[in-house]
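Chains as they are written, first to last, in my numbering: chain A, 1 to 353; chain B, 1 to 274.
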């Protein structure tokens with residue numbers, strides 16, 4: 001089986017686990033008469049008047065999770081870094097952090113669809129905010145007035161200090177090692193990386209996050225990406241221990257370009273039948289179901305999942321395609337149509353909208 | 001300084017005890033000597049470790065701080081117990097014995113897996129201490145851990161929820177807490193049965209285990225944790241160990257990560273000739 005059909009990124013379609021407290025009503029949540037969270041209720045505040053960011057959040061960052069540099073011009077990225085990204089893509093992303101069970105480093109907020117990083121729990125106290133991840137990593141953000149050190153010992157998770165700018169929590173981080181990728185495509189960073197995150201709880205149910213990255217040795221200018229998070233009510237994080245799972249590396253054989261060598265030609269009439277919007281059925285654990293958009297341009301089929309970006313699909317038969325960020329796509333014949341997104345953990349059914 | 005000693009110990013620990021070689025090679029980190037604001041100090045500027053226990057605005061003892069077991073329970077949680085207090089079932093006894101002869105190669109932490117509860121509290125040896133940090137809010141207490149494998153954490157829910165009836169097995173279990181006077185009582189269950197209770201002895205734990213930890217902060221510098229292991233599949237009767245922990249004043253946790261079982265191969269010497 002082709003590598004691209006089976007795995008590649010640990011992204012994405014992680015298997016839902018039946019776990020506990022997943023249906024325990026979260027106390028203190030404003031609710032509408034039908035018992036659901038009132039997302040548009042005002043953001044809560046702590047006794048000292050600051051916005052309270054505490055809670056369990058689903059992070060949503062499809063575009064920048066795949067390509068953190070999506071908004072940069074090609075000339076803003078050093079040639080060696082571009083070449084490295086190309087190589088990492090060609091190698092099916094087999095050195096992505098989850099494959100080796102090392103932390104995501106600065107990427108926990110932006111790489112929101114990596115297994116073990118889909119959610120974050122924020123626990124806020126006046127002098128310290130902690131962020132907990134399902135993969136059992138955590139960040140400490142000190143708000144006790146200490147400053148970042150000028151030459152910290154590099155670490156996976158970095159060092160973070162925070163302060164309030166009005167109702168926005170500003171978190172500055174430094175001291176990351178250079179062993180992590182900023183996204184699934186494999187954009188690198190150096191130990192000089194500085195990250196500034198701005199967290200603003202718009203209302204009870206939503207958190208807006210801006211992440212500014214500055215790493216002049218790789219990127220010509222600092223740039224900012226926007227990430228959203230939605231409060232996850234009546235549920236809890238599930239412990240995810242990377243080291244007890246198969247890391248997936250055994251599936252990552254071959255090269256991304258292998259799919260091109262075996263590409264078959266499929267008539268435009270057949271491809272045109274696949275064009276449409278497909279919605280994940282059932283929507284697994286996510287608040288928002290995944291959506292795949294299939295389009296046809298100049299006789300070629302393209303796919304996009306959740307706004308990560310349009311990518312060309314490579315036909316291995318009239319119904320089976322590779323190339324969706326390393327995932328496979330198989331169109332269901334007959335009935336009302338639909339498709340399967342094929343991942344190492346199984347086939348995920350999407351119904352035509 | 002305590003921080004520098006800890007940093008040094010991280011560098012040398014790979015040579016010290018083979019069984020935990022998989023430990024992350026964190027070296028001196030920052031903020032290990034940061035002067036924490038808002039704590040009572042003696043005239044020489046040190047934290048007054050015998051000042052009264054601080055309290056939160058709701059009047060509960062505030063357990064927040066960075067704590068380290070200095071008592072060697074890492075080796076054997078039952079070390080202070082009298083004969084008969086810790087009675088293992090025969091299979092458990094055999095396993096503890098086996099651990100002593102096979103270089104601990106069955107220790108899950110050698111494979112970079114998490115320590116369970118209560119092992120995660122036991123702080124490592126004197127040569128390679130791993131403190132933990134308590135972050136306390138009225139409805140949730142979070143325990144942040146350094147370990148000799150990966151950093152990890154536990155959430156202790158104080159919002160009145162019961163333990164789930166049917167728990168998906170996990171390494172660290174599910175924890176709820178309540179206040180009994182000035183003692184925080186944490187009950188944990190839902191284990192996967194693969195973690196060990198402690199390190200040196202490697203007392204086993206099964207999926208039937210229920211662990212009760214009673215945290216009492218005596219003063220600023222000192223906290224007692226009474227740990228009761230109720231695990232009828234491994235022990236004849238519940239047993240309790242008293243583990244005193246000390247505040248690691250003006251210090252903090254160091255990042256620890258374990259990379260890919262890189263030391264497991266070196267541990268497989270169980271067939272060596274006597």
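Glycine included, every Cβ here is placed at the ideal spot set by N, Cα and C.
Quick caveat, the model's predicted, so the values are computed rather than measured.
Continuous beta strand (DSSP E) stretch holding residue i: start and end
| i | result |
| --- | --- |
| residue 124 of chain A | 119-124 |
| residue 101 of chain B | Element bounds for residue 101 of chain B: not the beta strand (DSSP E) but the alpha helix (DSSP H), 90-101. |
| residue 141 of chain B | 140-145 |
| residue 87 of chain A | Where residue 87 of chain A is concerned, there is no enclosing beta strand (DSSP E), although the alpha helix (DSSP H) it sits in stretches over 79-90. |
| residue 175 of chain B | 174-180 |
| residue 131 of chain A | 128-132 |
| residue 67 of chain B | 65-69 |
| residue 323 of chain A | 320-324 |
| residue 298 of chain B | Outside the displayed span of chain B (1 to 274) sits residue 298 of chain B, for which this structure offers no information. |
| residue 188 of chain B | 183-189 |
| residue 97 of chain A | Taken as a continuous stretch (DSSP letters only), residue 97 of chain A belongs to no beta strand (DSSP E), as it is neither H nor E. |
| residue 35 of chain B | Run containing residue 35 of chain B: none; DSSP gives neither H nor E here. |
| residue 26 of chain A | Premise fails: residue 26 of chain A is in no beta strand (DSSP E) and is neither H nor E. |
| residue 152 of chain B | 152-157 |
| residue 331 of chain A | 327-331 |
Spatial distance of residue i from residue j (CA atoms)
| i | j | result |
| --- | --- | --- |
| residue 154 of chain A | residue 103 of chain A | 13 Å |
| residue 166 of chain A | residue 225 of chain A | 21 Å |
| residue 346 of chain A | residue 39 of chain A | 33 Å |
| residue 184 of chain A | residue 217 of chain B | 45 Å |
| residue 79 of chain A | residue 98 of chain A | 26 Å |
| residue 254 of chain B | residue 151 of chain B | 9 Å |
| residue 351 of chain A | residue 279 of chain A | 5 Å |
| residue 46 of chain A | residue 52 of chain A | 5 Å |
| residue 138 of chain B | residue 233 of chain A | 19 Å |
| residue 169 of chain B | residue 110 of chain A | 30 Å |
| residue 59 of chain B | residue 93 of chain A | 52 Å |
| residue 61 of chain A | residue 113 of chain A | 7 Å |
| residue 71 of chain A | residue 100 of chain B | 57 Å |
| residue 213 of chain A | residue 189 of chain A | 10 Å |
| residue 306 of chain B | residue 242 of chain B | Here chain B has residues from 1 to 274 only, and residue 306 of chain B is not among them. |
| residue 163 of chain A | residue 199 of chain A | 11 Å |
| residue 28 of chain A | residue 54 of chain A | 11 Å |
| residue 34 of chain B | residue 86 of chain A | 43 Å |
| residue 341 of chain A | residue 69 of chain A | 26 Å |
| residue 83 of chain A | residue 116 of chain B | 43 Å |
| residue 135 of chain B | residue 65 of chain B | 7 Å |
| residue 208 of chain B | residue 190 of chain B | 8 Å |
| residue 238 of chain B | residue 22 of chain A | 30 Å |
| residue 159 of chain A | residue 179 of chain A | 16 Å |
heavy atom of the ligand ZN below 7 Å from residue i C-beta
| i | result |
| --- | --- |
| residue 147 of chain B | For the structure depicted, the ligand ZN is absent and the ligand set is empty, with no information on it obtainable. |
DSSP bridge partner residues for residue i (one or two, in chain order)
| i | result |
| --- | --- |
| residue 176 of chain A | A/155 |
| residue 129 of chain B | B/124 |
| residue 199 of chain A | A/169, A/209 |
| residue 230 of chain B | B/210 |
| residue 31 of chain A | A/37 |
| residue 344 of chain A | BP columns for residue 344 of chain A are empty, so no partner. |
| residue 223 of chain B | B/217, B/245 |
| residue 223 of chain A | A/213 |
| residue 160 of chain A | A/141, A/173 |
| residue 41 of chain B | B/47 |
| residue 295 of chain A | A/302 |
| residue 277 of chain A | A/293 |
Unbroken alpha helix (DSSP H) run spanning residue i, endpoints
| i | result |
| --- | --- |
| residue 63 of chain A | 62-66 |
| residue 270 of chain A | 268-274 |
| residue 261 of chain A | 258-261 |
Integer Cβ distance of residue i from residue j, believed to fall under 8 Å
| i | j | result |
| --- | --- | --- |
| residue 42 of chain A | residue 204 of chain A | 7 Å |
| residue 123 of chain B | residue 69 of chain B | 3 Å |
| residue 133 of chain B | residue 144 of chain B | 4 Å |
| residue 243 of chain A | residue 113 of chain B | 5 Å |
| residue 78 of chain B | residue 203 of chain B | 7 Å |
| residue 59 of chain A | residue 119 of chain A | 7 Å |
| residue 231 of chain B | residue 32 of chain B | At roughly 36 Å, the Cβ-Cβ gap does not stay under 8 Å, so residue 231 of chain B and residue 32 of chain B are not in contact. |
| residue 199 of chain B | residue 234 of chain B | Not confirmed; about 17 Å, so no contact. |
**Q.** Where the region 241-268 of chain A meets chain B: residues whose CB sits under 9 Å from a CB there
**A.** 241, 242, 243, 244, 247
Q. Any residues in the region 24-43 of chain A with a beta carbon nearer than 7 Å to a beta carbon of chain B? Which ones, in chain order?
A. For the region 24-43 of chain A, which is checked against every Cβ of chain B, the residues closer than 7 Å are 24, 27.
Q. Any residues in the region 143-175 of chain A with a beta carbon nearer than 8 Å to a beta carbon of chain B? Which ones, in chain order?
A. 144, 145, 146, 149, 152, 153, 155, 156, 157, 159, 175
Q: Check each residue of the region 67-85 of chain B: if its Cβ is closer than 8 Å to any Cβ of chain A, include it; give the result in chain order.
A: none
Q: Could you list the residues in the region 113-134 of chain A with a C-beta less than 7 Å from some C-beta on chain B, going in chain order?
A: 123, 125, 128, 130, 132
Q. Closer than 9 Å, Cβ to any Cβ of chain A: which residues of the region 148-159 of chain B, in chain order?
A. 149, 150, 151, 152, 153, 155, 157, 159
Q) Of all the residues that make up the region 289-303 of chain A, which are near chain B by a beta-carbon distance shorter than 8 Å? A) Nothing from the region 289-303 of chain A brings a Cβ to less than 8 Å from some Cβ of chain B.
Q | Chain-ordered residues of the region 207-240 of chain B with a beta carbon less than 9 Å from chain A | A | For chain A, none of the residues of the region 207-240 of chain B brings a beta carbon within less than 9 Å of one of its beta carbons.
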